[in-house]
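Taking it in order: structure first as structure tokens, then the write-up.
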Amino acid sequence: MDELNFLEFSKLVIIPRLFDGMLITLKLTFISGAIGLVLGLPIALLRLSAIKFFSWIAILYISLFRGTPLLLQILFIYFALPNLININLDAFPAGILALSLNASAYLAEIYRAGILSIPKGQSEAARALGLSPNQTMFRIIIPQTFRVIIPPVVNELSALTKDTSLVSVISLGELLFVTQRIGAKYLRPWEVYIWAALGYLMIVLILSFTASRLEKKYRYDH
Amino acid sequence: MIIEIKNLKKSFKQNEVLRGISTTINTGEVVCIIGPSGSGKSTMLRCLNFLETPTAGEIFFEGKQLTNTSKEIGMVFQSFNLFPHLTVLQNLIIAPINVLKIKKDLAEKNAHEILAKVNLLDKIAAFPHSLSGGQQQRVAIARALCMQPKLMLFDEATSALDPELVGEVLTVMRNLADSGMSMAIVTHEMNFAREVADRIIFMDHGKIVEEGTPEQIFSNPKEPRTIEFLRNFS
């Protein structure tokens, strides 16, 4: 194999396997990202609740997932949960669970910042018109946060994309795991890492592109 | 009598902003509240629809004690507070549809009529950011009117406007007053107050210092504090 140059080695050995890894990385990113986005909002609303008990639960949750390493959370869910409460998860669902819970903690804080950024006059006007607190939150405040939170959400989802590589520690065949193995097998590390880097870069670039389209859509001067 | 205020008090922490306000507004009456900044005018107005919760005192609206925001009291703010993510029409119909449970086509029909009254029918599909301050404030007035309120509160509705845009908003308010709407107006526009008000309330340091007809207050004020305040305007 040594006589193969970079392009030949890439074409014959890396790329065919790269797609499998890439597919798993994409699945991890999009499924965990979606769950994180859905789960983050109720956590943010709990965090903002006037009822102390609710906001404390949210603070506890956010502190837990933001205050411990994601790598540890992955290992805990995969290796410790079976011992602790007899829940055995395969590598893929375990990875999804760890990544979604972790992302939801960060996304909850982004939602909260978005909600707090809307001027008080908006909720006062809604209240003066007779809209209920729920109607005010879901029809007036939250729709206005989209515009504000797109950049930090993309930031978080980019971080999540790259964090999926941590799931390789539980032997899930995602992008980094697959490429690393080829590198070790053929003793050609730099080629494989370049391809792995390109893989992650591509996903993040697609994300950023989608985000800039969305930002244009939610701008007021359209 | 549309509203009766009895010994209204409001404190923020140690700071006593309203120190016992008692007055009434009759149905169809236009009351302008004037006074130096920090006198508690805006706080009093905001207490009337419970954007601030009074520390003490009672407010009766059509004989019933108010304990929360009433959908029959409309409010116009200094900073307009239109919903920027909604078009003018959507701003106008969101509350009628969600609060009064009016059908969408009827709400839109009402919105058209009211928008025509504030002379902004051509802006019905526009977003607030594309409107001038004066236009935004007229939309805000129309939005409040779409809830068919029995009393309208104006909290320094023209203070954030460029001078050349004040007139168009005052015209809308004048027309509203002429149509028989009960109104409480906090304002710094003394000429407007004098012309449109049935009664003037002069406030200072959280109290009503003097009240009476525009003629009494502006031409023949009794209290030294009123005389001193009005001197700045002549």
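So the sequence lines, in the order shown, correspond to chains A and B. So in numbering that gives the first Met the number 0, spot 93 of the first sequence is number 92, and the numbers just go up one at a time. So in numbering that gives the first Met the number 0, spot 30 of the second sequence is number 29, and the numbers just go up one at a time. Yeah, the Cβ is synthetic: ideal placement off N, Cα and C, and Gly gets one too.
In the DSSP assignment, the residues bridged to V75(B) are F153(B). Judged by DSSP secondary structure, D203(B) falls within the beta strand (DSSP E) whose first and last residues are R198 to D203. Setting aside the 5 residues that flank it on each side, R193(B) is surrounded in the same chain by P213 and F217, each with a C-beta closer than 7 angstroms to its C-beta; the list follows chain order. The beta carbons of I84(A) and A97(A) sit no closer together than 7 angstroms.
A141(B) is not a Cβ neighbour of L105(B), given a cutoff of 7 angstroms. Taking every protein chain shown into account, the CB of L22(A) has fewer than 16 other CB atoms within 10 angstroms, so this residue is exposed. Taking 7 angstroms as the cut-off between beta carbons, the residues of the region 105 to 132 of chain A near chain B are G120, Q121, E123, A124, R126, A127, L128, G129 and L130, in sequence order.
With respect to the C-alpha of A93(A), the residue from A102(A), I73(A) and E155(A) having the closest C-alpha is I73(A). Here M74(B) is near L152(B), since their CB atoms are less than 7 angstroms apart. Chain order gives the chain B residues near I139(A) as F82, H84, L85 and I93, where near means a beta carbon separation below 9 angstroms. Taking 7 angstroms as the CB threshold, T157(B) stays off the interface with chain A. Excluding residues up to 5 positions away in sequence, E209 lie with their Cβ nearer than 7 angstroms to the Cβ of K221(B) in the same chain. Those residues of the region 140 to 155 of chain A placed with their C-beta closer than 9 angstroms to a C-beta in chain B are P142, Q143, F145 and R146, ordered along the chain. Contact between L81(B) and P127(B) holds, with the beta-carbon distance rounding to 4 angstroms and staying under 8 angstroms. The region 114 to 134 of chain A and the region 52 to 67 of chain B do not touch, with fewer than three beta-carbon pairs separated by less than 8 angstroms.
Membership of M182(B) in the beta strand (DSSP E) is indicated by the continuous run S181 to V185. In the same chain as S54(A), and ignoring 5 residues on each side of it, the C-beta atoms closer than 8 angstroms to its own belong to L45, R46, L47 and S48, in chain order. Around the beta carbon of A55(B), fewer than 16 other beta carbons sit within 10 angstroms, so the residue counts as exposed. At the C-beta level, L70(A) and L165(A) come within 7 angstroms of one another. Contacts with chain A at 7 angstroms (Cβ-Cβ) do not include T54(B). In the same chain as A125(A), and ignoring 5 residues on each side of it, the C-beta atoms closer than 6 angstroms to its own belong to T135 and I139, in chain order. Against L50(B), the close residues of chain A are E123, R126 and A127, in the order they occur along the chain (beta-carbon pairs closer than 9 angstroms). Among the residues of chain B, those whose CB is under 7 angstroms from the CB of Y219(A) are P83, F126 and H128, following chain order. Against chain A, the CB of K70(B) has a partner CB under 7 angstroms away; the residue lies at that interface. Flagged as an interface residue toward chain A: M74(B), by a C-beta distance shorter than 7 angstroms. Under the three-state reduction of DSSP, I1(B) is assigned to coil, being neither helix nor strand.
Using a C-beta cut-off of 8 angstroms, the region 13 to 32 of chain A makes contact with the region 163 to 181 of chain A, since at least three inter-stretch Cβ pairs fall below that distance. At a cut-off of 7 angstroms between C-beta atoms, Q72(A) does not count as an interface residue with respect to chain B. For the region 133 to 145 of chain B, residues whose beta-carbon sits nearer than 9 angstroms to a beta-carbon of chain A comprise A139, R142, A143 and C145. Beta-bridge annotation (DSSP): A94(B) is not paired with any residue. Rounded to whole angstroms, the separation of the alpha carbons of I95(A) and E167(B) is 59 angstroms. DSSP places T24(A) in the helix class (H, G or I) of the three-state scheme.
Put simply, the CB of S78(B) is near chain A, with a gap under 7 angstroms to one of its CB atoms. In this structure the region 11 to 20 of chain A lies against the region 187 to 196 of chain A, because at least three pairs of beta carbons, one per stretch, are closer than 8 angstroms. Rounded to whole angstroms, the separation of the alpha carbons of E123(A) and V87(B) is 18 angstroms. Closer than 7 angstroms to the CB of Q134(A) there is at least one CB belonging to chain B.
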